[in-house]
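These notes concern the structure reproduced below.
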Ligand code: NDP
């Protein structure tokens, strides 16, 4: 594993982090989740990305992590960088969603119990709340750090204007934003095209990319149809409707470029991200150790020729 400095901070993160959004809930065999978590840590993936509602069921990815923490990870706690978040629907009624102080603080308390932790390394506001005053959300994050329940603050998916406000607000209170988390991959480039990546770098804030493999589209998973055990087969966040003829052509052609680099498509997609100096880490998901190992091997070649980059841009933008 290689480790990269997170903005202007004392924190180094592994180039590859592991996300527990899918495949670690109580619908998945605990033995497999445990195996993948152990394997990740043994490969130097010391950064784990969770959120209150990852599962399914909601909360159960944190519970899975908590069981592994209790049974085997505990002696290595200080070697790990553990993230959780709140911002999306978690429990019924008006206090289990969005960005109120009430929700964020009680959600983190619940997350810590589920994960068997005294503190997380980073706590994120999972999304921008257009109704709650930003000052309320941000003060709750600052207080969480002051209480020692999180060491650092993260922001995920906030629009640029709100993020600029957050940066100032948090720095003025000596609790700077450590990391901004958003979707970035060969197909989805919003943080790059909006100038967010450059802004973050100039402000000394790290960037961590989620869905770097476009939920599996940028891998060999769907090159020959939809496997029964895949995310697209489950049909909730990715479905057969995403695998249009145009998408299949793009994936197939991108796979040819990857092959010419002696890489799998997943490896090339991750290398494409990690070649950017503004990207601190990419959070991969996986449903097997083999997938994770494939993804880790991307680190062997992060160099691209200008021709390869131009071809990738052409394909990504094509209809
Ligand atoms: P990816 O884009 O990495 O997609 C992961 C999926 O791709 C896997 O579940 C698997 O699909 C397939 N896959 C992974 N590696 C390979 C491989 N080498 N070869 C073939 N197929 C592969 O990421 P996710 O969409 O899962 O997101 C990653 C993490 O980002 C989440 O777990 C979460 O922590 C974070 N996230 C944060 C969000 C936010 O709002 N802040 C939103 C979304 C994600 P299959 O399961 O079908 O085998």
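In my numbering, the protein residues as written are 129 to 447.
Backbone N, C-alpha and C fix where the C-beta goes; we use that ideal spot for every residue, glycine too.
Values in this document were obtained by computation on a predicted structure and should not be read as measured data.
For residue i, the three-state DSSP class (helix, strand or coil)
{"i": "residue 238", "result": "helix"}
{"i": "residue 369", "result": "helix"}
{"i": "residue 268", "result": "helix"}
{"i": "residue 130", "result": "coil"}
{"i": "residue 258", "result": "coil"}
{"i": "residue 415", "result": "coil"}
{"i": "residue 223", "result": "coil"}
{"i": "residue 176", "result": "strand"}
{"i": "residue 333", "result": "coil"}
{"i": "residue 290", "result": "helix"}
{"i": "residue 427", "result": "helix"}
{"i": "residue 347", "result": "coil"}
{"i": "residue 374", "result": "helix"}
{"i": "residue 194", "result": "helix"}
{"i": "residue 338", "result": "strand"}
{"i": "residue 146", "result": "strand"}
{"i": "residue 409", "result": "strand"}
{"i": "residue 203", "result": "helix"}
{"i": "residue 167", "result": "helix"}
{"i": "residue 385", "result": "helix"}
{"i": "residue 324", "result": "helix"}
{"i": "residue 422", "result": "helix"}
Host beta strand (DSSP E) of residue i (start-end)
{"i": "residue 211", "result": "209-214"}
{"i": "residue 187", "result": "Segment: none, residue 187 is in no beta strand (DSSP E) and carries neither H nor E."}
{"i": "residue 311", "result": "305-311"}
{"i": "residue 253", "result": "248-253"}
{"i": "residue 284", "result": "278-284"}
Neighbourhood of residue i by C-beta, 6 Å cutoff - its chain only, sequence neighbours within 5 removed
{"i": "residue 345", "result": "none"}
{"i": "residue 312", "result": "319 and 337"}
{"i": "residue 146", "result": "168, 173 and 176"}
{"i": "residue 329", "result": "406"}
{"i": "residue 341", "result": "347, 394 and 397"}
8 Å CB neighbourhood of residue i in its chain, flanking five on each side removed
{"i": "residue 130", "result": "142, 143 and 427"}
{"i": "residue 417", "result": "163, 164 and 167"}
{"i": "residue 292", "result": "327"}
{"i": "residue 224", "result": "217, 218, 231 and 235"}
{"i": "residue 171", "result": "129, 420, 421 and 424"}
{"i": "residue 306", "result": "134, 135, 137, 139, 250, 280, 281, 282, 333 and 334"}
{"i": "residue 357", "result": "415"}
{"i": "residue 390", "result": "429"}
{"i": "residue 290", "result": "256 and 262"}
{"i": "residue 459", "result": "No answer is possible for residue 459: it lies beyond the span of the chain, which begins at 129 and ends at 447."}
Endpoints, the alpha helix (DSSP H) within which residue i is located
{"i": "residue 321", "result": "318-321"}
{"i": "residue 153", "result": "Careful: residue 153 lies outside any alpha helix (DSSP H) and carries neither H nor E."}
{"i": "residue 141", "result": "Unbroken run through residue 141 is the beta strand (DSSP E), 140-142; no alpha helix (DSSP H)."}
{"i": "residue 395", "result": "393-402"}
{"i": "residue 441", "result": "434-445"}
{"i": "residue 359", "result": "359-362"}
Own chain partners of residue i with C-beta closer than 7 Å, once the 5 adjacent residues on each side are dropped
{"i": "residue 266", "result": "294, 297 and 298"}
{"i": "residue 260", "result": "226, 227 and 228"}
{"i": "residue 136", "result": "332"}
{"i": "residue 244", "result": "194, 197 and 198"}
{"i": "residue 343", "result": "359, 365 and 366"}
{"i": "residue 381", "result": "443"}
{"i": "residue 132", "result": "140, 141, 143, 408 and 409"}
{"i": "residue 257", "result": "226, 227 and 265"}
Near ligand 2: residue i beta-carbon under 6 Å from a heavy atom
{"i": "residue 349", "result": "Absence of ligand 2 from the depicted structure is noted, with ligand 1 being the only ligands included."}
**Request:** Taking 8 Å as the threshold, find out whether the segment 419-434 comes into contact with the segment 390-399 through three or more Cβ pairs.
**Result:** yes
Under 8 Å: do the segment 370-377 and the segment 295-304 share three or more Cβ pairs, one atom per stretch?
no
Review point. Three or more C-beta pairs closer than 8 Å, one from the segment 146-162 and one from the segment 189-196: is that the case here?
Key: yes
* Does the segment 201-221 come within contact of the segment 173-180, defined as at least 3 CB pairs closer than 8 Å? -> yes
Counting beta carbon pairs with one atom in the segment 279-293 and one in the segment 241-255, are three or more of them shorter than 8 Å? yes
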